[in-house]
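Read in order, the letters of the first sequence are residues 19 to 717 in this note's numbering. Data block below; observations after.
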Amino acid sequence: MPEEAGFPPAKRFRPGCGPPGGRVVMLLTAGGGGGGGGGRRQQQPVLAQPAASPYPEAVERQRRSLPIFQARGQLLAQLRNLDSAVLIGETGSGKTTQLPQYLYEGGVGRQGVIAVTQPRRVAAISLASRVSDEKRTELGKLVGYSVRFDDISSEDTRIKFLTDGMLLREAISDSLLRKYSCVILDEAHERTVHTDVLFGVVKAAQKRRKELGRLPLKVIVMSATMDVDLFSQYFGGAPVLYLEGRQHPIQVFYTKQPQQDYLHAALVSVFQIHQEAPPSQDILVFLTGQEEIEATSKICRDIARHLPDGCPSLLVLPLYASLPYAQQLRVFQGAPKGCRKVIISTNIAETSITIPGIKYVVDTGMVKAKKYNPDGGLEVLAVQRVSKTQAWQRTGRAGREDSGVCYRLYTEDEFEKFDKMTVPEIQRCNLAGVMLQLLAMKVPDVLTFDFMSKPSPDHIQAAVAQLELLGALERKDEQLTLTPLGRKMAAFPLEPRFAKAILLSPKFHCTEEMLTIVSLLSVDSVLCNPPSRRDEVQAVRRKFVSSEGDHVTLLNVYRAFRSAGGNKDWCKENFVNSKNVMLAGEVRAQLRDICLKMSMPMVSSRGDVESIRRCLAHSLFMSTAELQPDGTYATTDTHQPVAIHPSSVLFHCRPACVVYTELLYTNRCYMRGLCVVDADWLYEAAPDYFRRKLRAARD
DNA sequence: GCAACTATC
């Protein structure tokens, strides 16, 4: 049985309620007040927020009960006169649902549309529907939303919820964001690539509109954390407004000693809680990845079966993004009476999925996250320490409905050494797409674009070099401009190399096929690989497998899926993720529309697979590897030793030359998404590039 | 020789 985990006395704190930083100009506090959780974010559409009451008085009462209501007048008075402001609001403060309404009701920014951005589409949709209910209007009229594949807004729309990516796409055709009078950037603390680019775009638009004497653009940055100095400084010392929320106190425990084995420590903690706490109190454990979570869940269930009499039973539920949707939903259902729910999750439960009723959080302090290395474009997926911000975010998951407890499986000293903030994504990803978008917006100098957290010059140069190789941009007197090809590439919501693949496809007579392949590459994997049923999967998949690689195999899967009429049972039998394959279908339709608008001919290669491979070679030539005499592989450009990923259909094959979609460093450096190509094709595709590489190899 | 954090256009 588990031994004592050894936690010292708890510290009490209220997440986010720490002393506001010195820069806070105004303090808006509000009486707590009861009432329903009106401002609570709801991010799973299936568990839709109880619709606002049909009775106007009740809706009004609920709105008035929110903490933010007390500050309404003061907020409006301040915001009326400000160009930019930063608003810190704790979870449950009601800021996201109420502030846009206050601005509208107060006539602030009424000359244009009020935009509210969200990192996630479900959030944008459910917030819009919530706010339109509160305004007792039909969704899409006064209040609307715009997300990929779904635009529910009209001429009448004055409050519009969008994903940050969607507003960014709008900015390509109108970099001054003319239709908006106010942009509210919500969840800014999450620092998604899109939000980070938007910071710069919005700041530039604000400045430019002022210079042109146009309608001013009001910018409000909303964040749930206290680290807002950066936001404030970036927007010219914008005032920081602080809004109290309704978070419950949480006790935090640290371990006395550093833990060698965080999985063991997590198990010990879970069963310590399980034996002491009333069974109605649920536990949320943060681990790093699918395999680890499945393995730990199994151990948990095994231990639970052998507990002493009188111990309540335990319902163990894994949670990660690639888990089938139906299984994800189980975490929202209450456990049977007398039974405790333990959810073992990736960082998906940190922000994307909010589980009600969690009393205990067990934080291993580890996360699996991507790092990016600009030379070689290597993405490294590694288990690493969380940041302090992330640890607080995890802790906060325990106090959403009542007071909670958080067990941190590291010492307080260790915690003090964690990074203060998570490195923003913009410093960890390939910037080719971002640079292409900025160039499409005609940003004067992309190399010195005013990012809030600047990526390194190397990093930006690598992206520019990549775009140059793809033929997307040219240099004229030290000025970078898009070529006609580059402008076309920017029209696609795709990584530049995939946009290029589509634009090249007419030349190879395989546009229909490239549309399918690129769509499948731009969604999460459509192939399910449950570890416990590996042999079955292999047997069923054989009929789709192409000896020419993964891209052609994916194409075969999609064709078979279409022939089966998009049938869900077919998906199940064939270990195909129906959600992802349907999404790929939607992406495909969107990309096809864009092609048709450009008057591209829709041609099919029919049975000719070689033309597809040639087309891939001409767009992915930067990611190639060759078989070495000793039977291993090395990338063509940097001679990095690489191996074929076990998930590839070419895993047991030894083609002389391949292009790959992705390089992934876990235990070793793996290529994923492979296609067999002819080395001559690559040289044809980019003669200068390969001549340079050969020269470099000789020197 | 053996494996995939999370979003989004």
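All C-beta atoms, glycine included, are put in the ideal place defined by N, C-alpha and C. The structure presented is a predicted model; accordingly, all values stated were derived computationally and were not measured.
Exposure of residue i, with buried meaning 16 or more beta-carbon neighbours within 10 Å
i	result
R713	exposed
Q408	buried
R515	buried
A450	buried
E310	buried
G49	Note that G49 scores 31 on pLDDT, short of 50, meaning its location in the model is unreliable; the coordinates nonetheless yield the value given after this. Counting Cβ neighbours within 10 Å, G49 comes out exposed, since fewer than 16 surround it.
N365	buried
A674	exposed
Q62	Unreliable placement is indicated for Q62, whose pLDDT of 33 sits below 50; the coordinate value is still reported in the next sentence. Buried: at least 16 other Cβ atoms inside 10 Å.
R686	exposed
L203	buried
G36	In this prediction, G36 scores a pLDDT of 36, lower than 50, which makes its location untrustworthy; no coordinate-derived value is stated.
Y122	buried
E78	exposed
C721	In the structure as shown, the chain starts at 19 and stops at 717, and residue 721 therefore has no counterpart that could be examined.
D300	buried
H207	buried
R58	Caution is warranted here: a pLDDT of 30 is assigned to R58, below 50, making its placement in the model unreliable, and no coordinate value can be reported.
I291	buried
H324	exposed
F289	buried
P549	exposed
Q345	exposed
M453	buried
Unbroken alpha helix (DSSP H) run spanning residue i, endpoints
i	result
I311	Q308 to R323
P502	P502 to A508
F249	D247 to Y252
A7	This structure leaves residue 7 out entirely; the chain is present only between 19 and 717.
Q345	Y343 to L347
L634	V627 to S637
I366	I366 to T369
Integer-rounded CB distance, given that residue j should sit under 8 Å from residue i
i	j	result
H569	L634	6 Å
L97	A103	6 Å
P85	L261	7 Å
M439	Y252	Between Y252 and M439 the Cβ distance is about 14 Å, and since that is not below 8 Å, they are no contact.
S315	I362	5 Å
A519	V536	6 Å
A146	V161	6 Å
Q269	V423	5 Å
T372	A242	12 Å between Cβ atoms; not a contact.
I662	M620	No, I662 and M620 are not in contact; Cβ-Cβ is about 34 Å, not under 8 Å.
G276	E432	Inspection of the sequence shows that residue 276 is occupied by Pro rather than by Gly. Contact holds; Cβ gap of about 6 Å.
N- and C-terminal bounds of the beta strand (DSSP E) containing residue i
i	result
N391	M384 to N391
P659	P659 to I662
T679	C675 to Y683
K377	I376 to D381
A331	Position check: residue 331 holds Ser in this sequence, whereas Ala was assumed. That run of the beta strand (DSSP E) goes S331 to L337.
G422	G422 to R426
D655	It is not in any beta strand (DSSP E) - D655 carries neither H nor E in the DSSP assignment.
L281	Not the beta strand (DSSP E): L281 falls in the alpha helix (DSSP H), residues Y280 to E294.
T642	T642 to L645
V303	D300 to F304
V270	I268 to Y272
R690	C687 to V694
Closer than 7 Å: residue i CB and nearest the ligand NAP heavy atom
i	result
Q119	With respect to the ligand NAP, the structure offers nothing, as it holds no ligand at all.
The segment 648–660 in contact with the segment 559–569 per 3-pair CB rule at 8 Å: no
The segment 578–585 / the segment 502–511 touching (three or more Cβ pairs under 8 Å): no
Whole runs of the alpha helix (DSSP H) within the segment 87–117, excluding any shorter than 4 residues: 90–98
Inter-stretch contact at 8 Å, needing at least 3 Cβ pairs: the segment 376–395 / the segment 329–341: no
Whole runs of the beta strand (DSSP E) within the segment 446–516, excluding any shorter than 3 residues: 491–494 and 497–500
Given 8 Å, three or more beta-carbon pairs between the segment 171–182 and the segment 131–144: yes
Stretch pair the segment 201–216 + the segment 161–173: three plus CB contacts closer than 8 Å: no
Stretch-stretch touch, CB-based, cutoff 8 Å, three pairs: the segment 416–429 with the segment 456–467: no
Any 3 or more C-beta pairs closer than 8 Å across the segment 99–115 and the segment 247–261: yes
contact_flag[the segment 196–208, the segment 510–527] where n(CB pairs < 8 Å) is 3 or more: no
Alpha helix (DSSP H) segments (min. 4 residues) lying fully within the segment 137–180: 139–152
In chain order, each alpha helix (DSSP H) run of at least 4 residues that lies wholly inside the segment 179–260: 182–191, 211–229 and 247–252
At least 3 beta-carbon pairs within less than 8 Å: the segment 482–500 vs the segment 592–605: no
Uninterrupted alpha helix (DSSP H) stretches inside the segment 540–616 (no shorter than 4 residues): 552–559, 568–581, 586–591 and 596–615
Touch test, the segment 635–642 against the segment 664–680, Cβ-Cβ under 8 Å, three pairs minimum: yes
Contact the segment 640–650 vs the segment 536–550: 3+ CB pairs below 8 Å: no
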